[in-house]
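Some notes on the structure that comes next.
Number of protein chains: 2
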Amino acid sequence: MQKILNVALDNRSYPITIGENLLSQFEHFKLHSGQRVLVVTNDTIAPIYLQDLLDMLEAHGVKTDSVIVPDGEQYKTMETWNQILTALLANNHTRSSILVALGGGVIGDVAGFAASAYQRGIKFIQVPTTLLSQVDSSVGGKTAINHPLGKNMIGAFYQPQSVVIDINCLKTLPQRELSAGLAEVIKYGIIMDSAFFNWLETHIDDLLNLDVDALSYCIYRCCELKAQVVAADETEQDMRAILNLGHTYGHAIEAELGYGNWLHGEAVSVGMLMAAQTAKLLGLLADKDIERIENLLIKAKLPVKRPEQMAIESYIPHMLRDKKVISGKLRLVIPTKIGQVEVMDGIEKSVVLESINNS
Amino acid sequence: MQKILNVALDNRSYPITIGENLLSQFEHFKLHSGQRVLVVTNDTIAPIYLQDLLDMLEAHGVKTDSVIVPDGEQYKTMETWNQILTALLANNHTRSSILVALGGGVIGDVAGFAASAYQRGIKFIQVPTTLLSQVDSSVGGKTAINHPLGKNMIGAFYQPQSVVIDINCLKTLPQRELSAGLAEVIKYGIIMDSAFFNWLETHIDDLLNLDVDALSYCIYRCCELKAQVVAADETEQDMRAILNLGHTYGHAIEAELGYGNWLHGEAVSVGMLMAAQTAKLLGLLADKDIERIENLLIKAKLPVKRPEQMAIESYIPHMLRDKKVISGKLRLVIPTKIGQVEVMDGIEKSVVLESINNS
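This is the structure we're talking about:
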């Protein structure tokens with residue numbers, strides 16, 4: 001049984017299909033016999049899922065090529081992006097070809113940006129294989145690559161034509177990456193849905209044990225919540241910023257320690273607690289809410305202490321380079337209770353430094 | 360006195376201002392005191408115009424940085440694009456910064472694509488300094504870089520917030536590049552405006568002599584015609600293709616001989632005559648019309664014979680890689696009389712080869 005969520009944005013609508021064993025079910029891809037596809041994946045995913053997917057597509061008359069890029073955030077680069085574009089060109093793919101992104105958030109981001117740029121835009125299909133990418137990259141159309149001077153600094157807003165989420169893929173996902181995905185899941189509870197946060201407090205073990213019903217509900221709800229935020233953002237400019245809870249602090253950790261050493265979700269976990277400390281210092285968040293957030297992150301097997309080897313002062317330059325910075329002033333997402341956040345401008349550096357120090 | 364053309368596309372409208380000495384007139388840039396700007400230019404334009412432009416902007420309270428990239432089609436690359444993005448990052452430019460593209464078509468294309476991709480899109484202003492870019496790049500929002508495997512294969516559709524065309528810049532433009540621009544000017548006459556073609560037949564010398572009134576009218580009319588085509592394309596998919604008259608043949612010349620050896624306009628000049636030969640072979644174009652086209656191109660000091668060193672067979676692989684190819688079949692724009700073209704699919708390779716041979 002599948003859950004299907006229709007996401008309507010920018011006058012276009014696309015389905016997110018969530019279920020078991022979807023990689024073998026052609027109908028969810030919204031492809032047609034005779035079309036040409038380039039499947040982009042990485043060297044971790046390829047040995048497990050690539051050949052079966054290609055065989056299934058070919059069996060339905062789709063002509064396939066594939067390109068395998070190195071796995072890891074450190075390869076979310078212009079070079080990898082160029083590798084995908086070169087594969088499209090070397091195989092003479094035209095404007096009517098479709099790119100399929102099979103992998104985690106890095107694959108979705110870099111392949112999505114390649115799809116947006118190849119011949120100024122070809123269609124693409126997201127097949128996210130990690131929990132993080134399933135709850136985060138499926139909605140919103142953000143594609144990007146990193147630059148040595150900043151994360152996600154180069155990219156495009158570009159929507160997929162469909163998203164296929166096969167929960168079976170999580171069976172081969174390392175525990176650490178499953179937990180990293182849960183950091184973004186917990187984020188949705190904190191920023192906008194206290195009932196979902198409650199549900200997570202009672203079902204976190206089911207999720208860690210890959211219970212299919214729990215995962216299906218959890219992924220569906222996260223995509224639904226994100227779709228609400230993104231849709232609202234078309235009129236309300238600040239709304240989408242709430243998705244960045246913990247990300248400005250977290251990006252500083254990732255950037256300073258090198259992308260890939262701390263997983264994105266791990267950095268966001270600590271970043272959310274830093275944002276919670278900021279809220280506390282501003283008198284906006286109760287101690288018991290901070291405790292609930294910390295406890296849930298611990299139960300999800302996520303780090304809750306800042307990296308010891310990183311000096312407190314070294315956060316600021318990274319944070320000032322963040323895309324959320326406007327005219328040199330820090331803008332942060334601050335939780336005010338479970339299920340509610342505020343976007344605040346002009347936060348003093350001393351408060352930021354103390355928030356880091358307390359974490 | 361300036362001419363202003365308002366281009367309305369995609370729910371957005373922007374002005375193209377055409378006149379003398381506009382680089383010193385702040386109001387045409389639609390900037391405000393306190394904004395930050397990165398000016399992108401090349402090492403040919405920079406010594407002539409850059410400092411005066413920066414001084415003028417700073418005098419009006421705009422905070423400026425600049426980046427100078429190498430001049431030439433051979434530098435319309437991912438490396439140059441990255442150089443611009445790196446300059447934006449190194450100077451801590453935010454989402455509210457504005458990119459100013461000061462130069463010819465290469466600068467407009469690569470800087471426009473950098474603006475589209477930096478933090479997923481910042482505003483940009485086109486200041487085209489060559490005739491070609493003034494009549495071609497000001498309208499349509501096509502930005503791109505080249506790839507070793509194909510021209511303009513990587514890019515985005517991205518509209519400027521304003522276009523400033525200073526006719527004075529043409530005074531420092533080499534004669535050969537002025538003529539190359541006239542190839543695109545003549546193209547507009549052939550594809551959709553026989554009266555404009557007639558006007559060009561009588562005013563081509565005025566244009567070559569940089570008569571201000573003739574240039575103003577000519578540039579305004581070309582932008583207006585292109586805006587008509589691009590606006591119509593929102594409903595009519597094939598309409599925009601007519602702008603590619605001579606380009607599929609021309610791109611083959613540029614790709615085979617190396618971008619920059621033949622100027623784009625020079626390749627288009629010969630390409631348009633090849634398309635005219637195709638039309639003749641299909642019984643669709645009268646000899647006298649071919650003569651008029653050839654004579655006007657000659658008067659504009661453009662090449663009208665194909666490059667001797669390029670084998671006829673070597674055109675086809677390049678043409679099949681063209682973005683206009685659908686499912687491996689050649690699609691060409693074919694003139695049927697002065698002021699009218701048709702987009703034709705499935706043209707036989709033998710006809711293409713004979714068209715090249717006759718040119």
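Taken in order, these protein sequences are the chains called A and B.
So in the numbering used here, spot 293 of the first sequence is number 293, and the numbers just go up one at a time.
Heads up: take any position in the second sequence, counting from 1, add 359, and you land on the numbering used here.
Don't be surprised by glycine CBs; every beta carbon is placed ideally from N, CA and C.
These numbers were taken from a predicted model, which means no experiment stands behind them.
Notebook entry, point to check: With DSSP run on the structure shown, which of helix, strand or coil describes Thr80/A?
Noted result: Within the first sequence, residue 80/A is the residue found at index 80, counting from 1. Helix, per DSSP.
Item checked: Nonlocal neighbours in the same chain, by C-beta distance under 6 Å from Ala586/B, ignoring five residues either side -> Residue 586/B sits at position 227 when you count from the first residue of the second sequence. So the list reads Val366, Val498, once near-sequence residues are dropped.
Check: Are the Cβ atoms of Val229/A and Met192/A separated by less than 9 Å?
Finding: Within the first sequence, residue 229/A is the residue found at index 229, counting from 1. Within the first sequence, residue 192/A is the residue found at index 192, counting from 1. Cβ atoms of Val229/A and Met192/A: closer than 9 Å.
Checklist line | Closest Cα partner of Ala241/A within the set Leu38/A, Leu85/A, Asp345/A | finding: Reading the first sequence from its first residue, position 241 is the one you call residue 241/A. The shortest C-alpha separation from Ala241/A is found at Asp345/A.
Next item on the list: Starting from the N-terminal side, write out each stretch of the alpha helix (DSSP H) that is 4 residues or longer and does not extend beyond the region 184-211 of chain A.
Entry: 194-208
Note to self: For chain B, check one thing: does any of its Cβ atoms lie closer than 9 Å to the Cβ of Leu320/A?
What the structure shows: Residue numbering aside, residue 320/A sits at position 320 when the first sequence is read from its first letter. Chain B, which has a Cβ nearer than 9 Å to the Cβ of Leu320/A, makes this yes.
Notebook entry, point to check: How should Lys288/A be labelled, buried or exposed, when 16 other C-beta atoms within 10 angstroms of its C-beta is the threshold for buried?
Noted result: Within the first sequence, numbered from 1, the residue matching residue 288/A stands at position 288. So Lys288/A ends up on the exposed side.
Check: So, Gly471/B versus Thr502/B, is the Cβ gap smaller than 9 Å?
Finding: For the purposes of this step, residue 471/B is taken as residue 112 along the second sequence, with counting starting at 1. For the purposes of this step, residue 502/B is taken as residue 143 along the second sequence, with counting starting at 1. Cβ distance < 9 Å, so Gly471/B and Thr502/B count as in contact.
Next item on the list: Report the residue from Pro694/B, Asp430/B, Val465/B whose alpha carbon sits nearest the alpha carbon of Leu602/B.
Entry: As a first step, residue 602/B must be located in the second sequence, where it is residue number 243. The option with the nearest alpha carbon to Leu602/B is Pro694/B.
Notebook entry, point to check: Using Cβ-Cβ distances below 9 Å, what residues of the region 113-125 of chain A are close to chain B?
Noted result: Phe113, Ala114, Ser116, Ala117, Tyr118, Gln119, Arg120, Gly121
Notebook entry, point to check: What distance in whole Å lies between the Cβ atoms of Tyr158/A and Ala115/A, which are believed to be in contact at a cut-off of 8 Å?
Noted result: For the purposes of this step, residue 115/A is taken as the residue at position 115 of the first sequence. For the purposes of this step, residue 158/A is taken as the residue at position 158 of the first sequence. Sure, about 7 Å apart at Cβ, within 8 Å.
Check: Any idea which residues DSSP pairs Thr157/A with across the strands?
Finding: For the purposes of this step, residue 157/A is taken as the residue at position 157 of the first sequence. The displayed chain sequence assigns Phe, not Thr, to residue 157/A. DSSP lists Lys142/A as partners of Phe157/A.
Notebook entry, point to check: Counting only beta-carbon atoms, is Leu149/A nearer than 9 Å to chain B?
Noted result: Here the question's residue 149/A lines up with position 149 in the first sequence. Cβ-Cβ to chain B under 9 Å: yes for Leu149/A.
Next item on the list: Note down, in chain order, every chain A residue with its Cβ under 9 Å from the Cβ of Ala470/B.
Entry: Against the second sequence, residue 470/B aligns to sequence position 111. Chain A residues near Ala470/B: none, gap ~14 Å exceeds 9 Å.
Checklist line | Whether Asn62/A touches Leu31/A by CB criterion (9 Å) | finding: Here residue 62/A is taken as the residue at index 62 of the first sequence, counted from 1. Here residue 31/A is taken as the residue at index 31 of the first sequence, counted from 1. Correcting the residue type first, residue 62/A is Val in the shown sequence and not Asn. Cβ distance < 9 Å, so Val62/A and Leu31/A count as in contact.
Item checked: Contact the region 192-207 of chain A vs the region 305-323 of chain A: 3+ CB pairs below 8 Å -> no
Check: So, helix, strand or coil for Arg120/A, using DSSP?
Finding: Indexing the first sequence from 1 puts residue 120/A at position 120. Reduced to three states, the DSSP call for Arg120/A is coil.
Notebook entry, point to check: Would you call the region 617-632 of chain B and the region 705-712 of chain B touching, i.e. three or more CB-CB distances under 8 Å?
Noted result: no
Check: Checking contacts by CB at 9 Å: is Ile675/B closer than that to chain A?
Finding: Here residue 675/B refers to the residue found at position 316 of the second sequence. Output row for Ile675/B: interface = no.
Checklist line | Listed by chain order, chain A residues near Asn441/B by CB distance under 9 Å | finding: Here residue 441/B is taken as the residue at index 82 of the second sequence, counted from 1. Simply Met78, His147, Ile154.
Check: Can you give the Cα-Cα distance for Asn527/B and Gly464/B, rounded to whole angstroms?
Finding: Translated into positions along the second sequence, residue 527/B becomes position 168. Translated into positions along the second sequence, residue 464/B becomes position 105. Answer to the nearest angstrom: the Cα atoms are 17 Å apart.
Next item on the list: Spell out whether any CB of chain B is found under 9 Å from the CB atom of Ala90/A.
Entry: Walking along the first sequence from the start, residue 90/A turns up at place 90. Closer than 9 Å: yes.
Item checked: Short CB-CB distance (under 9 Å) between Ala144/A and chain B -> What you label residue 144/A is simply residue 144 of the first sequence in a count that begins at 1. Chain B contact via Cβ: present.
Check: Looking only at C-alpha atoms, which of Ile145/A, Gly108/A, Glu27/A sits nearest to Glu441/B?
Finding: By one-based count along the second sequence, residue 441/B stands at place 82. In the sequence as presented, Glu is not what sits at residue 441/B; that position holds Asn. Per the Cα distances, Ile145/A.
Next item on the list: Could you name the residues of the region 55-80 of chain A whose beta carbon sits closer than 9 Å to any beta carbon of chain B, in the order they occur along the chain?
Entry: Met78
Checklist line | Check whether Val459/B and Leu397/B have beta carbons under 9 Å apart | finding: Working through the second sequence from its first residue, we reach residue 459/B at position 100. Working through the second sequence from its first residue, we reach residue 397/B at position 38. Cβ atoms of Val459/B and Leu397/B: closer than 9 Å.
Checklist line | First and last residue of the uninterrupted alpha helix (DSSP H) at Ile675/B | finding: Here residue 675/B refers to the residue found at position 316 when the second sequence is read from its first residue. Its alpha helix (DSSP H) spans residues 674-679.
Next item on the list: Measuring only between beta-carbons, confirm whether Leu444/B sits less than 9 Å from chain A.
Entry: Translated into the one-based positions of the second sequence, residue 444/B becomes position 85. Yes - at least one Cβ of chain A is within 9 Å of the one on Leu444/B.
Check: Taking the runs of the alpha helix (DSSP H) that are 4 residues or longer, which of them lie wholly in the region 605-676 of chain B?
Finding: 606-616, 623-640, 646-658
Next item on the list: Following the continuous alpha helix (DSSP H) through Leu149/A, name the residue where it begins and the one where it ends.
Entry: Locating residue 149/A in the first sequence gives position 149, where the first residue counts as 1. Counting along the chain, Leu149/A falls outside any alpha helix (DSSP H), and DSSP gives it neither H nor E.
Next item on the list: Kindly provide the ranges of any alpha helix (DSSP H) runs that are 4 or more residues long and lie completely inside the region 48-79 of chain A, ordered along the chain.
Entry: 51-59
Notebook entry, point to check: Phe555/B versus chain A: which residues are under 8 Å apart at the beta carbon?
Noted result: Taking the first residue of the second sequence as 1, we reach residue 555/B at position 196. Under the 8 Å cutoff, chain A gives no residues; its nearest Cβ is about 28 Å from Phe555/B.
Checklist line | Under 9 Å between C-beta atoms of Leu296/A and Ile186/A | finding: Translated into positions along the first sequence, residue 296/A becomes position 296. Translated into positions along the first sequence, residue 186/A becomes position 186. Yes, they are a contact pair.
Check: How many Å lie between Gly405/A and Leu50/A at the Cα?
Finding: Outside the displayed range of chain A (1 to 359) lies residue 405/A, so it cannot be described from this structure.
Next item on the list: Let me know the secondary structure DSSP gives Thr445/B once reduced to three states.
Entry: The sequence position of residue 445/B within the second sequence is 86, counting from 1. Of the three classes helix, strand and coil, the one that applies to Thr445/B here is helix, per DSSP.
Check: When we look at the beta-carbon of Ala87/A and count the other beta-carbons within 10 Å, is it buried (16 or more) or exposed?
Finding: Taking the first residue of the first sequence as 1, we reach residue 87/A at position 87. Ala87/A should be labelled buried.
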